[in-house]
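Those sequence lines, one after another, are chains Y and U. With the first letter of the first sequence counted as 1, position 56 gets the number 56 in the working numbering; the numbers rise by one all the way through. With the first letter of the second sequence counted as 1, position 135 gets the number 548 in the working numbering; the numbers rise by one all the way through. Idealized CB from N, CA, C, for every residue including glycine. Predicted, not measured: the structure shown is a model, and the values here were computed from it. Structure record follows, encoded as structure tokens.
Number of protein chains: 2
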Amino acid sequence: MNISILAVGTELLMGKTINTNATELSKALNNLGHTVQYHLTIGDNPKRLESSLEYLLSVSDMVITTGGLGPTQDDLTKETIAETLGLKMQFNEEAYTQMIDRFKSFNVTMTQNNKKQAYLPEGSIPMYNDKGTAPGFIAEANNKIIAALPGPPHEMRHMYFKCLEPFLASKTTNCIKSEYINLFGIGESSAESKIEDIISAQTNPTIAIYANIGQVSLRVTSSASNEIDALMLLKPTVDAITERLEPYVIGYGEHDIMDYTVDLINQNNLTLSLAESCTGGLIASEFIKYSGASRFFQRGYVTYSNQSKHDILNVKNSTLETFGAVSEETCTEMIEGLFTNSQSDICLAVTGIAGPTGGTLDKPVGLVYIGVKVKDTIVIKQYNFTGDRTVIRRRSLLNGFFMIYDTIKKTCN
Amino acid sequence: MNISILAVGTELLMGKTINTNATELSKALNNLGHTVQYHLTIGDNPKRLESSLEYLLSVSDMVITTGGLGPTQDDLTKETIAETLGLKMQFNEEAYTQMIDRFKSFNVTMTQNNKKQAYLPEGSIPMYNDKGTAPGFIAEANNKIIAALPGPPHEMRHMYFKCLEPFLASKTTNCIKSEYINLFGIGESSAESKIEDIISAQTNPTIAIYANIGQVSLRVTSSASNEIDALMLLKPTVDAITERLEPYVIGYGEHDIMDYTVDLINQNNLTLSLAESCTGGLIASEFIKYSGASRFFQRGYVTYSNQSKHDILNVKNSTLETFGAVSEETCTEMIEGLFTNSQSDICLAVTGIAGPTGGTLDKPVGLVYIGVKVKDTIVIKQYNFTGDRTVIRRRSLLNGFFMIYDTIKKTCN
């Protein structure tokens, strides 16, 4: 099916909220083989909602709306959806029962505002809201479908996977398969120029390049009447690109350098400890994002001050004075101190100047030292990152992961 | 002006990239008093780009595009913009000079692909790309304006603030002012029902409610012919809402609980140390996000394993065995150990079960203990959060900040 996603919410147009819903839904819909045609965002304005729904339904088979289902007064979304499809609003018993259960489990009393939420376009399939109170629904008329999901991302996500995805899975006919080839250490432009001839020749599969801070991914997508044919179409192109870009390929699938690093740590049954200065817990936090991190993660130190570098990691005061907190020497002593404390198989230390202040002519903002010790191998690298404080910290994070990944690859085989 | 934002990039429709550009631009445009009407996202498809530009220009005075300026072959954005405005493409000397300078500073050789980037619609104002190579531009024809910005968020941001905002600032006539009232510890629905009569009576200023994980904000917006009148219109409504919701009001402006907490720490000249288990460095990282964190941040420990809780924070093995790592007792000993090590004015410890595994009947996923010590006051709270691993960690983070904020408020006056 061709599907468009319509987000309703003035807060999105005010720049108060990021539309992560469109991204999550698009990923899931593409995985099911549906095509996403448009993302459109409008304010809480019934007239604009009506004209947008009409336009999107004229080009797409289905529109998924997000937002506008909360108990606040400007929520005319449901009424407008019903009108667009030529349907009446009806009190939906099933939706109401779901809401009562939900409020009981919360130990919260329902208000009149909340009861309003059980009115849906006639004939709708209500979608249970696992994480909030507003029910969603799927309404159909004249071969067009509108599905309404709530706005808060965690409510939207749960409702989509529990109720809408099973409904959608049954509507797919053509089979689309894709493979991501993930690169590290090469820019978008250089990657493209190395495979220009392969891109020029693309028809089926197609190739698209996606660049993000620190990682470039190539998405190869094929289309066929069945899964096997689609996969067979993919393979030669994926192999050809891999051969061409070999030194930069870190892996396949919808993964990033952090996923690959955690996999490699687990495969080699290694333990990990961290000492962070400018990243200040960011690297630890990204490791502990992974459920099961307790298998490998032993300890992390956020040694932002010189005092803490000395007290906790035993970095010599003379080193800090002579070479400065941001220096290869300090980084080396941080690693040594971390290993003494933790005895972990992998030790990582980061010290740098994330800015915007603190830079000098000798040591500008963006100067970062990252040190990795994997068993007996120690590698210290100096980076000169560009970007603002957030970007510099993010680049430090990703390169920290990459240095762990790379050092394990080189030493643990 | 009425402005629409058009994002170009198949990766957005594939769900590979989040459209943060639309959010950032909307915030900035609203601040200038412009109205954002639509966000639209399309794939790398010149025909759809042309019809979308035509539609948006028929309802808006201006369209800002993001993306499609990179050196990859599917970048037909510029050509299509020129066509839509009835302009020819022209080699732009100024843009080319800017690019040469940029490449020199990178120490990178220009490719033929890159030179293509200096062709712009005739009469365009080129916008210098501080952070990348692709130049942006502003093109005007028939009283309609199209501004083209690059897709990578940090390139987009710098170009907007450096080149496009000064251009736009001169185009504002009506003055729009708004104030955010930020709440913590109350849900969207409850907040709304407490000020229902004020919302019902709204005309100018208007009131909008925005909910995010753990924080609700009310945006009060007025419109007048000059700044003083607009501000005068705001005040009575802001005061009335503040009075009604007083116990939950944490502050005003575009700030969150983290901003207020850091301000309060600095105002009171306090120092801070952290011991994190389930949040695993997330809280430290959010503190160190603030430039100048070195004034107050002393040290952070990521004590994810029982061993590290014992070794680093001196949590008794008997406590861990009898009460478990996620218990009030362990949380208390983490605080005490942290204070012994750091002697910081503020000590915060977090231990909890972020899931998805590790929960039991007695201690389900979402059980989190947060302890705060501010000088001689110790507060330990038990939370039962809902949501997935990411949400539980985020709620722990925000409530950790709030507990610091609240305890300082209560003890340091």
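Closer than 9 Å to the CB of Phe287 of chain Y there is at least one CB belonging to chain U.
For Ala201 of chain Y and Glu496 of chain U, the gap between their C-alpha atoms comes out near 27 Å. Below the 7 Å Cβ cutoff, chain U contributes Met427 and Gly428 as neighbours of Asn30 of chain Y, in chain order. In the three-state scheme derived from DSSP, where H, G and I count as helix and E and B as strand, Ala95 of chain Y is classed as helix. The residue from Y:Tyr180, Y:Ala211 and Y:Lys289 with its alpha-carbon nearest to that of Lys235 of chain Y is Y:Tyr180.
Contact annotation: in the stretch 288 to 303 of chain Y, residues whose CB is within less than 8 Å of a CB in chain U are Ile288, Lys289, Ser291, Gly292, Ala293, Ser294, Phe297, Gln298, Arg299, Gly300, Tyr301, Val302 and Thr303. Annotation: the continuous beta strand (DSSP E) that includes Phe137 of chain Y extends over Gly136 to Ala141.
At least one CB atom of chain Y sits nearer than 9 Å to the CB of Glu424 of chain U.
Under the three-state reduction of DSSP output, Cys825 of chain U falls in the coil class, being neither helix nor strand.
Under the three-state reduction of DSSP output, Pro539 of chain U falls in the strand class. Around the beta carbon of Lys491 of chain U, 16 or more other beta carbons lie within 10 angstroms, which makes this residue buried. Taking a beta-carbon distance threshold of 9 Å, Val804 of chain U counts as an interface residue toward chain Y. When the Cα atoms are used, Ala118 of chain Y and Leu69 of chain Y turn out to be separated by approximately 10 Å. Under DSSP, Ser222 of chain Y forms a beta bridge with Y:Lys177. Annotation: Cβ neighbours of Ser308 of chain Y in chain U (cutoff 7 Å, chain order): Gln711 and Arg712. The stretch 390 to 407 of chain Y and the stretch 433 to 442 of chain U do not touch, with fewer than 3 CB-CB distances between them shorter than 8 Å.
Distance from the Cα of Gln267 of chain Y is smallest, within the candidate group Y:Asn2, Y:Val350 and Y:Ile408, for Y:Ile408.
In this structure, DSSP gives Ile353 of chain Y a state outside helix and strand, which the three-state scheme calls coil. Not flagged as an interface residue toward chain U: Gln90 of chain Y, since no C-beta distance is shorter than 9 Å.
Put simply, the backbone Cα of Gln511 of chain U is about 13 Å away from that of Met572 of chain U. Inter-residue distance for Ile612 of chain U and Leu687 of chain U is about 41 Å (C-alpha atoms, whole angstroms). Where Asn679 of chain U is concerned, the enclosing alpha helix (DSSP H) starts and stops at Ile670 to Gln680. Phe339 of chain Y counts as buried, since no fewer than 16 other beta carbons sit within 10 angstroms of its beta carbon. Per DSSP, reduced to three states, the secondary structure at Gln202 of chain Y is coil, with no helix or strand assignment. The criterion of a C-beta distance shorter than 9 Å is not satisfied by Leu581 of chain U and His452 of chain U. Gln215 of chain Y is classed as buried because its beta carbon has at least 16 other beta carbons within 10 Å across all chains shown. At least 9 Å separates the beta-carbon of Ile378 of chain Y from that of Tyr369 of chain Y.
According to DSSP, Ala561 of chain U shares a beta bridge with U:Thr478 and U:Phe550. Excluding five sequence positions before and after Thr585 of chain U, the CB atoms of its chain that fall closer than 8 Å to its own CB belong to Met414, Leu445, Gly446 and His447, given in chain order.
The DSSP-derived three-state label of Tyr623 of chain U is strand. For Arg632 of chain U, the residues of chain Y that pass the 9 Å Cβ criterion are Thr10, Glu11, Met14 and Lys16, in the order they occur in the chain. Assignment of beta-bridge partners to Ala275 of chain Y by DSSP yields Y:Tyr301 and Y:Ala349. Closer than 9 Å to the CB of Thr411 of chain Y there is not a single CB belonging to chain U. Per DSSP, the continuous alpha helix (DSSP H) segment holding Gln307 of chain Y begins and ends at Asn306 to Leu313.
Counting only Cβ-Cβ distances below 8 Å, Thr357 of chain Y has contacts in chain U at Ser704 and Gly705, in chain order.
A straight-line Cα-Cα distance of about 14 Å links Thr770 of chain U and Thr799 of chain U.
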